[in-house]
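Q: One structure, as structure tokens, below. Some questions next.
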Amino acid sequence: MEVEKIIKEIIKKNDKKILLLIMDGLGGLPEPTTHLTELETAKKPYLDEIARVGMCGLSIPVLPGITPGSGPAHLSLFGYDPVEHKIGRGVLEVLGVGMEMDKNDIAIRGNFATIDENNIVTDRRAGRIPTEQNQKIVQILQEKIKVINGVEIIIKTVKEHRLAILLKGKNLSPDISENDPQKEGLPLRKITPLKKNAEFTAGILNEFLKQAEKILAQQNTKARTILLRGFSGIPDIESFEKKYLLNPVCIASYPMYKGLAKLVGMNVIAGLETIDDEIEILNKVYNDYDFFYLHYKKTDSAGEDGDFNRKVQTIEEFDTKIRGMKNLKFDVICLTGDHSTPSVLKGHSWHPVPIVIVSQNIIPDDVNSFTERACAKGMLGTIPATSIMYILLANALKLEKFGA
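As structure tokens, then:
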């Protein structure tokens, strides 16, 4: 890509510090009664203050009208073209829970789900079973299912209903169909090969599901099957450090985002569970890095559940907790989301995402609140998310002049 060549020519290293704050699924849509979005409803004085002193706008995660998954949306934020770098969600989950991948391995993302006696999916998340219950079930599954036809099966808990599965063996292929019908009320699908060389892998996973369902039927849980998707091998991608001459750290509690950060070569802090943990560690490692990626998941979860009021509460929680970093001196702060997850849609959407950048090198605009409609009037305008990193580098004075 031509712009990447330009950046490599003009980038330089200095001691300026950049903070990227990501509120997952940040953007929303108006609620039918009040005609206000979640951001417009929430009481968030600190986030509004950031908007007042910053330069605001909207970002488009992939392309106009395209609804992104979390992986492509985050790749865009990190300055990688998500269309060029198609990364399976399975890899992100597997790396995020600390598993190591070889080039022949296949990573899989899984959901515990509920099915009825006719194999109809009645709950794609098995009631969002607690992580502790997930761990117990995974332990039982791993004890009973270790190898199928010479292929090693490694299973690990992610969070709540989510799990990660790694296949290690020969002749494996990611070119297989999902068993997830994507909607409740539809029958569970059989995994089928999309290419001739994937027949072996499809057979392994259908046998795995058969054994897993027998085991789950004996447990006291809503989990009765596993929805498998995101089949992928490990991609070849340039590291964040090499790409930007930065020493980056990932501060996140959710495994998938740690996996993505690990994939692009960020240092990943382990053992974080809450936003309080994240703010505490941000203060502790402030002197050790020059790029900080801090991720907050709860906004997205509430949006996907269609819980407008809970999403409002999560925004207000973030507003309160993030004040714990007030005394840290960052040269550039960027507050945004990876994509929109409107509660009224109960899922990701294509809508542009609010963004604000704070730096000594910007012209503050007249935006006084951090909302979708307010940010649309900001000086930053509507920009592709892939350009955000370049703007942050420029404001940190890490880019030299291009051309004579």
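Position in the sequence shown (from 1) plus 599 gives the number in my numbering.
The C-beta atom is built at its ideal place from N, Cα and C for all residues, glycine as well.
Note that the structure is a prediction, hence the values are computed from the model and not measured.
On a Cα-Cα basis, can you pick out the residue from V952, Y888 and T940 that is closest to F839?
A: The shortest Cα separation from F839 among V952, Y888 and T940 belongs to Y888.
Q: What did DSSP end up calling V602 once you bin it into helix, strand or coil?
A: Looking at V602 - three-state DSSP - the assignment turns out to be helix.
Q: Decide if the segment 734-748 is in contact with the segment 684-695; the criterion is three or more beta carbon pairs, one per stretch, under 8 Å apart.
A: Because the criterion of three Cβ pairs below 8 Å is not met, the segment 734-748 and the segment 684-695 do not touch.
Q: The beta strand (DSSP E) that contains H894, what's its start and end?
A: Per DSSP, H894 belongs to the beta strand (DSSP E) from F890 to Y895.
Q: Give me whichever residues DSSP pairs with P983 in a beta bridge.
A: I659.
Q: In chain order, what are the residue ranges of uninterrupted beta strand (DSSP E) at least 3 long that sit wholly in the segment 717-771?
A: Counting whole runs of 3 or more residues, the segment 717-771 contains the beta strand (DSSP E) stretches 720-722, 750-756 and 761-767.
Q: Taking the Cβ atom as the reference point for each residue, do G858 and E692 lie within a distance shorter than 8 Å?
A: Yes. Within cutoff.
Q: Count the other CB atoms within 10 Å of the CB of D962; is the residue buried (16 or more) or exposed (fewer)?
A: Before going on, a small fix: residue 962 reads as Ile here, not Asp. By the 10 Å Cβ count, I962 comes out exposed.
Q: Just to confirm my understanding: we take I868, look at its own chain, exclude 5 residues before and 5 after, and list those with CB closer than 6 Å. What are they?
A: Same-chain partners within the cutoff: I850 and I880.
Q: Quick check: what's the CA-CA separation for R761 versus L996?
A: For R761 and L996, the distance between alpha carbons rounds to 41 Å.
Q: Have a look at S968, E683 and H947 and flag the residue whose alpha-carbon is nearest the alpha-carbon of G953.
A: For clarity, residue 953 is Pro in the given sequence; the question names Gly instead. For P953, the nearest C-alpha among the options comes from S968.
Q: Apart from the five residues on each side of it in sequence, which residues of its chain come closer than 6 Å, Cβ to Cβ, to A860?
A: So the qualifying residues of the chain are C849 and V867.
Q: Can you say whether Q562 is buried or exposed, counting buried as having 16 or more other CB atoms within 10 angstroms of its CB?
A: In the structure as shown, the chain starts at 600 and stops at 1003, and residue 562 therefore has no counterpart that could be examined.
Q: Ends of the alpha helix (DSSP H) at L862?
A: Element bounds for L862: P854 to L862.
Q: Ends of the beta strand (DSSP E) at A706?
A: Run containing A706: I705 to I714, per the beta strand (DSSP E) assignment.
Q: On the premise that T713 lies in contact with A822, defined as a C-beta separation below 8 Å, what is that separation, rounded to the nearest angstrom?
A: Yes, A822 and T713 are in contact; Cβ-Cβ is about 7 Å, under 8 Å.
Q: CA-CA distance, E916 and N703?
A: Cα to Cα, the separation comes out at about 43 Å.
Q: For G1010, does the three-state DSSP call read helix, strand or coil?
A: Outside the displayed range of the chain (600 to 1003) lies residue 1010, so it cannot be described from this structure.
Q: I982 and S658 look like a contact to me (Cβ under 8 Å); what is the Cβ gap, rounded to whole Å?
A: Right, the Cβ-Cβ distance comes to about 6 Å (below 8 Å), so this counts as a contact.
Q: Give me the residue from V931, D835, T800 and T985 with the minimum Cα distance to M700.
A: Of the candidates V931, D835, T800 and T985, the one whose C-alpha sits nearest the C-alpha of M700 is D835.
Q: Pair every Cβ in the segment 794-804 with every Cβ in the segment 725-745, then say whether three or more of these pairs are closer than 8 Å.
A: Touching, no.
Q: Counting pairs of beta carbons, one from the segment 889-902 and one from the segment 613-633, are three or more of them closer than 8 Å?
A: Enough Cβ pairs lie closer than 8 Å, so yes.
Q: Going by beta carbon distance, what residues of the same chain come within less than 6 Å of L844, once the five residues before and after it are set aside?
A: Around L844: I610 and K612.
Q: Are L766 and I814 closer than 8 Å when you measure CB to CB?
A: Against a cut-off of 8 Å, the Cβ pair of I814 and L766 comes out as no contact.
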